[in-house]
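Enquirer:
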């Protein structure tokens, strides 16, 4: 399934090679990013848009078995200010499903160094989703969403901590549900793309180093807290770290393979 191309989500520059509207691709990038940037218009009293870093995950409370390639909501958690909550209520009172927001997620996978500064680039995965945010008020849905978000950070963590959350914790913790209407992704995964004239200049190629610097996100050895009394790192932490690092290395190896096998195609960045 794909998101339909609309003015709000359509990728323009280099769309033929980098744009992707596949639900699985868009949702996966959102889930892979540990920080999401949520932007919205704060109201007529402020001329500047607001952008807040939050954590979140894709899922469906109404259809818990829905897969990553199906239509999903985005649940986000962080500092949900009274302003955001009030704006969402105002929009609902006006007949909208909630506060219009854009959620942006980006992972930088490496730095592309070319013969000219113009042709420099990065390998990256980015996604934007657009929808309507509303406050989750049902306790059952809030608990489900918090489990989704917690296990999105470290798989199995929700089951490995003190349960249930206290009533005070739930009262202080706010979750927003974003009903996603549209989305798109843009991905660069490849070698250096030089300007044709630069590649034909042998003296320049002897004087200027060009290549690729991989940037691989890794989870390092867990460090116990000073008050920790559990001798061994839990299996769910170890297994998640191994899976996370393994996936990151495998994706990087795919990029490096393309760099090493680069036929030096003469294309613009």
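In our numbering, the protein residues as written are 288 to 556. Here a beta-carbon is modelled for each residue, glycine too, at the ideal position from N, C-alpha and C.
Under the rule that 16 or more other beta-carbon atoms within 10 Å means buried, what is residue 382, buried or exposed?
Expert: exposed
Enquirer: Just to confirm the assignment, what range does the beta strand (DSSP E) spanning residue 296 have?
Expert: Note, residue 296: premise wrong, no beta strand (DSSP E); not H, not E.
Enquirer: Could you spell out where the alpha helix (DSSP H) holding residue 315 opens and where it closes?
Expert: 310-319
Enquirer: What ranges does the alpha helix (DSSP H) occupy inside the stretch 476-555, keeping only unbroken runs of at least 4 residues that lie completely in it?
Expert: The stretch 476-555 contains these whole alpha helix (DSSP H) runs: 483-486, 489-494, 522-547.
Enquirer: Can you give me the Cβ contacts of residue 341 inside the same chain, cut-off strictly under 6 Å, excluding the 5 residues immediately before and after it?
Expert: 323, 325, 363, 365
Enquirer: Does the beta-carbon of residue 480 have 16 or more other beta-carbons within 10 angstroms, so that it is buried, or is it exposed?
Expert: buried
Enquirer: Short of 7 Å in beta carbon distance, which residues of its chain neighbour residue 546, apart from the five on each side in sequence? Order them along the chain.
Expert: If we look at residue 546 and ignore the five residues flanking it on each side, its Cβ neighbours are 478, 499.
Enquirer: Please go through the same chain and pick out, in chain order, the residues whose beta-carbon is closer than 7 Å to the beta-carbon of residue 438, but skip the five residues on each side of it.
Expert: Result list for residue 438: 444, 445, in chain order.
Enquirer: Where do the ends of the beta strand (DSSP E) carrying residue 458 lie?
Expert: For residue 458, there is no enclosing beta strand (DSSP E); the residue is part of the alpha helix (DSSP H) that begins and ends at 454-459.
Enquirer: In terms of residues, what are the limits of the beta strand (DSSP E) holding residue 435?
Expert: In the DSSP assignment, residue 435 falls outside any beta strand (DSSP E) and within the unbroken alpha helix (DSSP H) covering 426-440.
Enquirer: Which one of 300, 303, 299, 314 has the shortest CA to CA distance from residue 289?
Expert: 314
Enquirer: Have a look at residue 512 and residue 524 and give me their C-alpha separation to the nearest angstrom.
Expert: 14 Å
Enquirer: Do the stretch 394-411 and the stretch 485-496 touch if we need at least three Cβ pairs shorter than 8 Å?
Expert: yes
Enquirer: Let me know if residue 414 comes out buried or exposed under the rule of 16 or more other beta-carbons within 10 Å of its beta-carbon.
Expert: buried
Enquirer: So, at 6 Å on beta carbons, what are the nonlocal neighbours of residue 429 in its own chain, with the 5 sequence-adjacent residues on each side left out?
Expert: Cβ contact annotation for residue 429 (same chain, cutoff 6 Å, sequence separation greater than five): 423, 462, in chain order.
Enquirer: Assign residue 330 to one of three DSSP states: helix, strand, or coil.
Expert: coil
Enquirer: Since residue 344 and residue 435 should fall inside the 8 Å C-beta cutoff, what is the C-beta to C-beta distance between them, to a whole number of angstroms?
Expert: 5 Å
Enquirer: Grab me the residues of residue 409's own chain with a C-beta within less than 8 Å of its C-beta, minus the 5 sequence neighbours each way, in chain order.
Expert: 395, 396, 397, 398, 399, 475
Enquirer: Determine the DSSP secondary structure at residue 405, reduced to helix, strand or coil.
Expert: helix
Enquirer: Taking the C-alpha atoms as reference points, what is the distance between residue 355 and residue 514?
Expert: CA-CA distance, residue 355 to residue 514, rounds to 38 Å.
Enquirer: Less than 8 Å between C-beta atoms, sequence neighbours within five positions excluded: which residues of the same chain meet that for residue 441?
Expert: 523, 524, 527
Enquirer: In whole angstroms, what separates the C-alpha of residue 518 from that of residue 452?
Expert: 24 Å
Enquirer: Compute every distance between the C-beta of residue 496 and the non-hydrogen atoms of the ligand SAM, then say whether any falls below 6 Å.
Expert: Inclusion of the ligand SAM in the displayed structure is not the case, the ligand content being empty and no account of it being possible.
Enquirer: Is the number of C-beta pairs between the stretch 299-319 and the stretch 457-473 that are closer than 8 Å three or more?
Expert: Cβ pair count under 8 Å is three or more, so yes.
Enquirer: Give me, in chain order, the residues of the same chain whose beta-carbon lies closer than 6 Å to that of residue 329; leave out the 5 immediate sequence neighbours on both sides.
Expert: 337
Enquirer: Identify every residue that forms a DSSP beta bridge with residue 410.
Expert: 397
Enquirer: What are the boundary residues of the alpha helix (DSSP H) that residue 337 is part of?
Expert: No alpha helix (DSSP H) holds residue 337; the beta strand (DSSP E) holding it covers 337-346.
Enquirer: Find the nearest neighbour of residue 485 within the set 406, 503, 530, judged by alpha-carbon distance.
Expert: 406
Enquirer: Exposed or buried, which one is residue 387 when buried takes at least 16 other CB atoms within 10 Å?
Expert: buried
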